[in-house]
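One structure is given here, and the rest of the page talks about it.
Residue numbers (this note's numbering): -3 to 133.
Written out as structure tokens, the structure is:
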């Protein structure tokens, strides 16, 4: 391997799989999974080799697969009728800041004082199995 290779970039190629990372690192799929998830017992050297291999290959975990496995969407919906308000904006920023480091995405739905629109957004959030809904406004 080159001394300081650049990490892979986004392209039209199919995503790199965990199986490919494992093969490139010379370990089993189970070991690669444990290393990338910070679990399991292995040497620090092995864990770092697997993580570096994943980085170089441009591996990104499949969040849909993780959601199915863990029975969580890692998503919270924010429902508001006040996207310009002095209360709503700091609240939205605070919710996002509190959750981002935990791997939770926040998506905003503006209902514009329209009950029908609000109901559509709530139904969409429930269909997407969000982990929670924060309503303001």
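Using N, Cα and C, we set each Cβ at its ideal position, and we do this for glycine too.
Span separating the alpha-carbon of residue i from that of residue j
| i | j | result |
| --- | --- | --- |
| residue 122 | residue 28 | 33 Å |
| residue 108 | residue 128 | 21 Å |
| residue 117 | residue 75 | 8 Å |
| residue 99 | residue 70 | 7 Å |
| residue -2 | residue 106 | With a pLDDT of 49 at residue -2, under the threshold of 50, the modelled position of this residue cannot be trusted, and the question is left open. |
| residue 26 | residue 114 | 44 Å |
| residue 66 | residue 88 | 26 Å |
| residue 96 | residue 20 | 30 Å |
| residue 52 | residue 41 | 16 Å |
| residue 124 | residue 68 | 10 Å |
| residue 50 | residue 110 | 46 Å |
Other residues of its chain near residue i: CB distance less than 7 Å, five sequence neighbours each side excluded
| i | result |
| --- | --- |
| residue 47 | 31, 32 |
| residue 84 | 76, 78, 132, 133 |
| residue 14 | 25, 28, 29 |
For residue i, the first and last residue of its enclosing beta strand (DSSP E)
| i | result |
| --- | --- |
| residue 12 | It is not in any beta strand (DSSP E) - residue 12 carries neither H nor E in the DSSP assignment. |
| residue 128 | 128 to 132 |
6 Å Cβ shell around residue i - same chain, five flanking residues per side excluded
| i | result |
| --- | --- |
| residue 43 | 31 |
Endpoints, the alpha helix (DSSP H) within which residue i is located
| i | result |
| --- | --- |
| residue 49 | 40 to 53 |
Neighbourhood of residue i by C-beta, 8 Å cutoff - its chain only, sequence neighbours within 5 removed
| i | result |
| --- | --- |
| residue 59 | 70 |
| residue 56 | 11, 12 |
Within the region 58 to 106, note down every full alpha helix (DSSP H) run reaching 4 residues or more, in order along the chain. Assignment of alpha helix (DSSP H) within the region 58 to 106, counting only whole runs of 4 or more residues, yields 59 to 66, 84 to 96 in chain order.
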